[in-house]
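Quick note, the sequences are listed as chains A and B, same order.
Our numbering applies: residue 1364 is where the first sequence begins, and numbers increase by one.
Our numbering applies: residue 1364 is where the second sequence begins, and numbers increase by one.
Virtual Cβ for every residue (Gly too), placed ideally from N, Cα, C.
Take a look at the structure below.
Number of protein chains: 2
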Amino acid sequence: MHRLYHLPLSPFCRKVRLVLAEKRVEAELIEERPWDRRLDFLRMNPAGKVPVFVTTEGRVLAESAAICDYLEAIMTEPELMPRDAVQRAEVLRLIGWFDDKFYREVTENLLFERVTKRLARLGYPDGACLKAGSQNIRIHLDYMTYLLEGHNWIAGPRMTLADITAAAHLSCLDYCGDVPWEDYPVVRDWYAVMKSRPGFRGLLADHLPGMKPPPHYADLDF
Amino acid sequence: MHRLYHLPLSPFCRKVRLVLAEKRVEAELIEERPWDRRLDFLRMNPAGKVPVFVTTEGRVLAESAAICDYLEAIMTEPELMPRDAVQRAEVLRLIGWFDDKFYREVTENLLFERVTKRLARLGYPDGACLKAGSQNIRIHLDYMTYLLEGHNWIAGPRMTLADITAAAHLSCLDYCGDVPWEDYPVVRDWYAVMKSRPGFRGLLADHLPGMKPPPHYADLDF
């Protein structure tokens, strides 16, 4: 069977898990804590990051963009990347938005401070980062509202990898109770639909020892 | 004519400029300083980042990954992304390596501190960042040596977008004299070949007011 080395609350790993489920590709999940710098893991991915995907035949793929591109090529249905060049560019722009801008402005400030520091024993959360992250997420939720009001999905009239990327990031923050859903009903409605996608069941069942998610986290009708 | 909003010493903009030249797509270069937060620019790209590519027909594309994917789709020759799914994954892994890992560990520490802070009047370089960047670049040059000794190009037997990405990052650092070429002859030989590619002429002619590059910067036989 394929294997995915992952961390439960990594948005990049969650993106790959969601794509695997959409495409009905089964893979064994193996939790890997990159900060342990396990030698066998570094041999697979010298970048020392998750996710790493190992195919049944033993091919090793690293970087979520590379793994998602590979899965899109070998399992064309359902299509998560449009074929039209201009539409693809819009999907890739928004993937970049979440994986770079949202990640730096929101995910790192909140998730790294609250979760990674705790797991990797790097000290206490930095209050200034938490404050910046909580303020920044509102700007992003405003922008998502604008996008979703124009069309039902993030990048256009169909669900794409951009929706999966956005949902992967938000789902990690939601585990920490960091998403002010009540002020963003358009985004909440979209997220409720995403939550009912096949891959979400696994994400909603994730549990970090000593860190309980808020009650609405796993609730499909939140 | 197409237009590219760019910053001369941004590795992401340089990557797009190199791809444009490889594919013989002409574009007018317009310098944009994102930190000025010009409203008309933010309307084109609410992420507030360069590069932004505007086609003759007025389509606006943002994020270097999106622009490069678009150019690959509309101008298939020369092919910078392999068609084989596994080879593509390796190219994308290495693009991620440079745009994320190398960028965070090296480019940001050196280029942001030395150049962006000066241009955007954000104060003096932080000595700890410069030191970290100078140490980290050696680890990356070691890894590039390992890759280039296995095959002539970064990701395999042919030049790909991974080579262009790596060269774009290194060329910015080289402008600041931050690449210890003398200790990495294998990487230097590869970079000398990259320097002779069509798009490099433009990069080597870039000049920042008050910041002269070292004499070898524009020398093809350095």
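Next item on the list: Identify whether E1512/B lies in helix, strand or coil by the three-state DSSP scheme.
Entry: helix
Check: Where does E1385/A land, buried or exposed, given buried means 16+ other C-beta within 10 angstroms?
Finding: buried
Check: Helix, strand or coil: how does DSSP classify I1517/A here?
Finding: coil
Notebook entry, point to check: What residue range is occupied by the uninterrupted beta strand (DSSP E) comprising H1369/A?
Noted result: 1365 to 1369
Check: For T1523/B versus D1462/B, is the C-beta distance shorter than 8 Å?
Finding: no
Note to self: Can you look up M1574/A in the DSSP assignment and give me helix, strand or coil?
What the structure shows: strand
Notebook entry, point to check: In this structure, does DSSP put F1416/A in helix, strand or coil?
Noted result: strand
Notebook entry, point to check: Are the C-beta of P1572/B and some C-beta of chain A separated by less than 8 Å?
Noted result: no
Next item on the list: Less than 8 Å between the CB atoms is what I'm expecting for L1482/A and R1560/A, so what's the real figure, rounded?
Entry: Going by Cβ atoms, the distance from L1482/A to R1560/A rounds to 27 Å, so no, they are not a contact pair.
Next item on the list: Note down, in chain order, each residue of its chain lying with its Cβ closer than 6 Å to the Cβ of Y1368/B, except the 5 sequence neighbours on either side.
Entry: I1393, E1395, V1413, V1415
Notebook entry, point to check: CA-CA distance, E1512/A and K1558/A?
Noted result: 19 Å
Margin query: I want to know whether the region 1540 to 1557 of chain A touches the region 1500 to 1515 of chain A - three or more CB-CB distances under 8 Å.
Written below: yes
Check: Between the region 1422 to 1432 of chain B and the region 1446 to 1456 of chain A, do three or more beta carbon pairs fall short of 8 Å?
Finding: yes
Next item on the list: Could you check which residue in G1565/B, P1578/B, A1555/B has the C-alpha nearest to that of D1584/B?
Entry: A1555/B
Check: What does I1437/A touch in chain B if you count any residue whose Cβ is under 9 Å from its own?
Finding: A1448
Check: Who are the Cβ neighbours of L1457/A in its own chain at under 6 Å, not counting the five residues just before and after it?
Finding: I1517, A1518, A1525
Next item on the list: May I ask you to report which of helix, strand or coil DSSP gives V1385/B?
Entry: Note that residue 1385/B corresponds to Glu in the displayed sequence, not to Val. The answer is helix: DSSP assigns E1385/B an H, G or I state.
Note to self: Is it buried or exposed, D1541/B, if we count other Cβ atoms within 10 angstroms and call 16 or more buried?
What the structure shows: buried
Note to self: Spatial neighbours of H1532/A within its chain, please: C-beta separation below 6 Å, excluding the five flanking residues on both sides.
What the structure shows: P1374, F1461, F1465, T1470
Next item on the list: Output the boundary residues of the alpha helix (DSSP H) element that contains V1454/A.
Entry: 1448 to 1459
Next item on the list: Please state if the CB of Y1580/B and the CB of L1571/B are separated by a distance shorter than 8 Å.
Entry: no
Note to self: Along the region 1452 to 1475 of chain B, where does the CB come closer than 7 Å to a CB of chain A? Name the residues.
What the structure shows: A1452, L1455, R1456, G1459, W1460, K1464
Item checked: Spatial distance of R1484/B from V1478/B (CA atoms) -> 10 Å
Checklist line | Neighbour-count burial assignment, R1380/A, 16 or more Cβ in a 10 Å radius | finding: buried
Notebook entry, point to check: Do E1468/A and C1492/A have their C-beta atoms closer together than 8 Å?
Noted result: no
Check: L1405/B: buried (16+ other C-beta within 10 angstroms of its C-beta) or exposed?
Finding: exposed
Notebook entry, point to check: Helix, strand or coil: how does DSSP classify V1542/B here?
Noted result: coil
Check: Taking Cβ-Cβ distances shorter than 7 Å, what residues in chain A pair up with A1590/B?
Finding: Only positions 1364 to 1585 of chain B appear in the structure, and residue 1590/B is not among them; the question remains open.
Item checked: Euclidean distance between Cα positions of G1459/A and Y1433/B -> 14 Å
Notebook entry, point to check: In the structure shown, what three-state DSSP assignment does E1391/B receive?
Noted result: strand
Checklist line | Proximity winner among L1383/A, G1490/A, L1370/A, N1472/A, relative to N1499/A (alpha-carbon distances) | finding: N1472/A
Check: Over what stretch of residues does the alpha helix (DSSP H) that includes A1428/A continue unbroken?
Finding: 1427 to 1437
Next item on the list: Can you give me the Cβ contacts of E1440/A inside the same chain, cut-off strictly under 8 Å, excluding the 5 residues immediately before and after it?
Entry: K1386
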